[in-house]
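>
Residue numbers (our numbering): 655 to 1379.
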């Protein structure tokens, strides 16, 4: 009860700060708003706000008209409604549908987006109630939300043509309708909501889609409004189930276009043609049927010859979409090519000239990315099974052969030409593009090209210099799974051969860790695992902060797992990575854990035939024995061959291995007299005595050996010779 009363008190204090007109501390208000939003996202906090008359207080915040207060109120209400049907219906009854839908149309973009999010949450909560199967007493307690759903959608449709609705309001309304009206899956039997929206609001959607921004009295719209309307129309059309429903859709579209085309003069024809363009971009079947109306195509060509630029722009864009059908393409070729050429030569606006010349610019990113993937041959290739190839040849079946231009040498020459032409700068601009923003599929293609251009180590420096490293980070964090993996692998290749602090300056270097760790997952290919480990090895050797970031991403268990791999390169890369990670205290403590084979594995790897693996494992042992004296005694317990392994290190022809072995022996002797005695009782004394005399050839090894003998003298295990040595 004390805890609950404390929560009540905090909620009340937050509302007092937010509603007090005399409160001028902006930071204090922002903190109170953020606390309220965070509290509403948890079920206990949301229920407490709701029970504490919070909805009425949130409505008061909306009434203030201040943007910060409205944003906080809308986001808090979204938290209260999220996943809770009864609370949503209660809030909707108090807030009222016209009011919440009207907030979509405000000029302030962030407030409009917050209202859109609140409505989305409300729709999800209400529709979840329709899908659940309530029985018995529970059924009697739950109200039917279908009425509220239609009421909300009805107000959204009204918003599309209501005077005063902002351009952002139109876009958010259309996007919301796209998400909530059509069925999620054709398996759902009921499409009544779609049919109701078509009957009640199709003409309103067409009115937004047919808006000509430059024309007087047109609805406010952004450059995305018509495309959003086209997507919504396409979704609604795809949700229809039979020919009768589609015929009704076609009839409504034809009636609307005809109403503008006949009796409204030139402005009406312009509006009708713009509507046809919208339909052709969305439900093209309906758009093509409307194009069959008498006089439409002739009017399009006539408007191309208009002296007004707005007429030319609308008409030429309609021709682009109309030319998709072979029949109309022939008509345009026969009647309009000369006119289009004249527009291209004479028009002063590039937007009209480019439309007269090609397909619309929104598709250019995907087209360019696809072309670059083909040029770099960076699609995934599956090697055919040799047995299946032999079987196909025996059966006299056609066996596809690789094109000569797809051979590695040819591909390499093409990549070199693309790099010289500035392909990295172009790819970087494509990633940054906001209008149009690249789709996930397009991002995947860009990632494939990036991976192809960093294949050669010599090219990676120029890729980084042109901004490739910076562009790869967002590609590795968002998009398709394949696209993220390709971008992460490209980052790994750069990190392996370049100085990471130069390739990713400042805080950017910490953003690289997560993509690299993603390459360690078991479903990734062996090459991706190997390159991810090598890249993380380089990062782990830079600073403690980077090692902490790698730890935070939970990479250490995966690195340990690859230390047990049968593949020698993966095993080596993982051991080298662990060697650098062992500089962190948290990792060092793992080797002290009881019942763990981590230390045993390092000792055994120090005696393997693979020289690189021995070097990595013995280096880790040398560091651990220096930092944690208690590990020195455990080495003698993990395997019966520990002494043989240490002697083999000291007798190795490799000076680095000898030095690592001498350091390990020195640390063990300094840490435990009993261990030192075991070492001196063996052939180790003779080996160290020989190494201590090789000062000229191996000064570091000789000094370490001398230190070992001096430690033995200090422990009283041996005596100095006559000369005091």
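Beta carbons are placed, not taken as given, at the ideal position from N, Cα and C, and that holds for glycine.
Bear in mind the structure is a predicted one, so any value in this text is a computation, not a measurement.
Within 10 angstroms of the Cβ of residue 920, are there 16 or more other Cβ atoms? Answer buried if so, exposed if not.
Here residue 920 refers to the residue found at position 266 of the chain shown. By the neighbour-count rule (16 or more Cβ atoms within 10 Å), residue 920 is not buried but exposed.
> What first and last residue would you give for the alpha helix (DSSP H) that runs through residue 1354?
Taking the first residue of the chain shown as position 1, residue 1354 is located at position 700. Note, residue 1354: alpha helix (DSSP H), 1353-1368.
> What are the start and end residues of the alpha helix (DSSP H) that includes residue 1259?
The residue given as residue 1259 occupies position 605 in the chain shown. Start and end: 1252-1259.
> Beta-carbon within less than 6 Å of residue 772's beta-carbon, same chain only, minus the 5 sequence neighbours each way: which residues are those?
Here residue 772 corresponds to residue number 118 of the chain shown, with the count starting at 1. Hits under 6 Å: 728, 731 and 732.
> Anyone know if the C-beta pair for residue 1194 and residue 1096 falls short of 8 Å?
Along the chain shown, read from residue 1 onward, the residue named residue 1194 stands at position 540. Along the chain shown, read from residue 1 onward, the residue named residue 1096 stands at position 442. Not a contact, by the Cβ cut-off of 8 Å.
> Work out the CA separation of residue 1119 and residue 1074 for me, nearest whole Å.
Position 420 of the chain shown, counting from 1, holds the residue named residue 1074. Position 465 of the chain shown, counting from 1, holds the residue named residue 1119. Each residue's Cα considered, the two are about 13 Å apart.
> Give the straight-line distance between the Cα atoms of residue 844 and residue 899, rounded to the nearest whole angstrom.
Within the chain shown, the letter at position 190 stands for residue 844. Within the chain shown, the letter at position 245 stands for residue 899. So the two alpha carbons sit approximately 13 Å from each other.
> Span of the alpha helix (DSSP H) holding residue 821?
As a first step, residue 821 must be located in the chain shown, where it is residue number 167. It spans 821-834 - the alpha helix (DSSP H) in which residue 821 sits, taken as one unbroken run.
> Determine the DSSP secondary structure at residue 1128, reduced to helix, strand or coil.
Counting from 1 along the chain shown, the entry for residue 1128 is found at position 474. Residue 1128 falls in the helix class under three-state DSSP.
> Would you call residue 1351 buried or exposed, if buried means 16 or more other Cβ atoms sit within 10 Å of its Cβ?
As a working mapping, residue 1351 is identified with position 697 in the chain shown. Counting Cβ neighbours within 10 Å, residue 1351 comes out exposed, since fewer than 16 surround it.
> Counting along the chain, where does the alpha helix (DSSP H) carrying residue 1300 start and finish?
Counted from its first residue, the chain shown places residue 1300 at position 646. Per DSSP, residue 1300 belongs to the alpha helix (DSSP H) from 1296-1304.
> Assuming residue 1082 contacts residue 1121 under a Cβ cut-off of 8 Å, what Cβ separation, rounded to an integer in Å, is found between them?
Here residue 1082 refers to the residue found at position 428 of the chain shown. Here residue 1121 refers to the residue found at position 467 of the chain shown. Going by Cβ atoms, the distance from residue 1082 to residue 1121 rounds to 4 Å, so yes, they are a contact pair.
> Ignore the nearest five residues each way along the sequence and tell me which others in residue 1265's own chain have a CB closer than 7 Å to its CB.
Along the chain shown, read from residue 1 onward, the residue named residue 1265 stands at position 611. So the qualifying residues of the chain are 1308.
> Excluding sequence positions up to five away, which residues of its chain have a Cβ less than 8 Å from the Cβ of residue 1364?
Here residue 1364 refers to the residue found at position 710 when the chain shown is read from its first residue. Taken in chain order, the list of residues that qualify is empty.
> Whole angstroms is fine: what's the gap from residue 1144's alpha carbon to residue 1105's?
To locate residue 1144, count along the chain shown from 1; it is residue 490. To locate residue 1105, count along the chain shown from 1; it is residue 451. Cα to Cα, residue 1144 sits roughly 5 Å from residue 1105.
> Residues in its own chain within less than 6 Å of residue 791 by CB, not counting five upstream and five downstream?
Taking the chain shown and counting its residues from 1, one reaches residue 791 at position 137. Any reading at residue 791 must be qualified, since the residue scores a pLDDT of 38, below 50, and its modelled position is unreliable; no value is offered.
> Please state whether DSSP places residue 1169 in a helix, a strand or coil.
As a first step, residue 1169 must be located in the chain shown, where it is residue number 515. Three-state DSSP puts residue 1169 in a helix.
> Whose C-alpha, out of 870, 850 and 929, is nearest the C-alpha of residue 860?
By 1-based counting over the chain shown, the position of residue 860 is 206. It is 929 whose Cα lies nearest to the Cα of residue 860.
> Run through the region 1154-1204 for me and flag every whole alpha helix (DSSP H) of 4 or more residues, listed as ranges in chain order.
Whole alpha helix (DSSP H) segments, 4+ residues: 1154-1157, 1162-1165, 1167-1172 and 1180-1194.
> Please classify residue 893 as buried or exposed, where buried requires at least 16 neighbouring CB atoms within 10 angstroms.
As a first step, residue 893 must be located in the chain shown, where it is residue number 239. Buried, because 16 or more other Cβ atoms sit within 10 Å of the Cβ of residue 893.
> Just the Cα atoms here: how many angstroms apart are residue 903 and residue 805?
For the purposes of this step, residue 903 is taken as the residue at position 249 of the chain shown. For the purposes of this step, residue 805 is taken as the residue at position 151 of the chain shown. Using only the alpha carbons, I get a separation of about 22 Å.
> Leaving out the 5 sequence neighbours to the left and right, which residues in its chain are closer than 8 Å to residue 1267 when beta-carbon positions are compared?
By 1-based counting over the chain shown, the position of residue 1267 is 613. For residue 1267, where only same-chain residues beyond five positions count, the Cβ hits under 8 Å are 1222, 1225, 1226, 1229 and 1259.
> Quick test of your reading: residue 887 and residue 848, contact by CB under 8 Å. State the CB separation rounded to the nearest angstrom.
Residue numbering aside, residue 887 sits at position 233 when the chain shown is read from its first letter. Residue numbering aside, residue 848 sits at position 194 when the chain shown is read from its first letter. 11 Å between Cβ atoms; not a contact.
> Please say whether residue 689 and residue 668 have beta carbons closer to each other than 8 Å?
Locating residue 668 in the chain shown gives position 14, where the first residue counts as 1. Locating residue 689 in the chain shown gives position 35, where the first residue counts as 1. Yes, the pair counts as a contact, with Cβ atoms nearer than the cut-off.
> Would residue 862 and residue 925 qualify as a contact pair, given that the criterion is a beta-carbon distance under 8 Å?
The residue labelled residue 862 in the question sits at position 208 within the chain shown. The residue labelled residue 925 in the question sits at position 271 within the chain shown. No; because the gap between Cβ atoms is not below 8 Å, this pair is not in contact.
> From residue 809 to residue 706, what distance separates their C-alpha atoms?
The residue you call residue 809 lines up with position 155 of the chain shown. The residue you call residue 706 lines up with position 52 of the chain shown. Answer to the nearest angstrom: the Cα atoms are 30 Å apart.
> Could you give the uninterrupted runs of the alpha helix (DSSP H) lying entirely in the region 1313-1347, keeping only those of 4 residues or more?
Runs of the alpha helix (DSSP H) inside the region 1313-1347: 1327-1335 and 1338-1346.
> Measuring CA to CA, which of 971, 1332 and 814 is closest to residue 830?
One-based indexing of the chain shown puts residue 830 at position 176. Among 971, 1332 and 814, the Cα nearest to that of residue 830 belongs to 814.
> Measure how close the beta-carbons of residue 1291 and residue 1303 come, nearest whole angstrom, since I'm counting them as under 8 Å.
Numbered from its first residue, the chain shown carries residue 1291 at position 637. Numbered from its first residue, the chain shown carries residue 1303 at position 649. Residue 1291 to residue 1303, Cβ: 19 Å. No contact.
> From residue 1422 to residue 1132, what distance separates their C-alpha atoms?
Because the chain here runs from 655 to 1379, residue 1422 falls outside it and cannot be looked at.
> Am I right that residue 1284 and residue 1238 are in contact with their C-beta atoms under 8 Å? What's the rounded C-beta distance?
By one-based count along the chain shown, residue 1284 stands at place 630. By one-based count along the chain shown, residue 1238 stands at place 584. About 17 Å separates the two Cβ atoms, so there is no contact after all.
> Below 8 Å between beta carbons: does that hold for residue 1196 and residue 1159?
Numbered from 1 along the chain shown, position 542 holds the residue referred to as residue 1196. Numbered from 1 along the chain shown, position 505 holds the residue referred to as residue 1159. No, the pair does not count as a contact, with Cβ atoms beyond the cut-off.
> Just to confirm the assignment: which complete alpha helix (DSSP H) runs, minimum length 4, are found wholly within the region 858-915?
Within the region 858-915, the complete alpha helix (DSSP H) runs of at least 4 residues are 879-892 and 897-915.
> Which value, in whole angstroms, describes the spacing of the CA atoms of residue 1123 and residue 1156?
Numbered from its first residue, the chain shown carries residue 1123 at position 469. Numbered from its first residue, the chain shown carries residue 1156 at position 502. Going by the C-alpha atoms only, they are around 10 Å apart.
> By how many angstroms is the C-alpha of residue 1287 removed from the C-alpha of residue 1356?
Translated into positions along the chain shown, residue 1356 becomes position 702. Translated into positions along the chain shown, residue 1287 becomes position 633. Distance between the alpha carbons of residue 1356 and residue 1287: 24 Å.
> Measure the beta-carbon distance from residue 957 to residue 968 and round it to whole angstroms, keeping in mind my assumption that it falls under 8 Å.
Translated into positions along the chain shown, residue 957 becomes position 303. Translated into positions along the chain shown, residue 968 becomes position 314. The pair is a contact, with the Cβ atoms about 7 Å apart (cut-off 8 Å).
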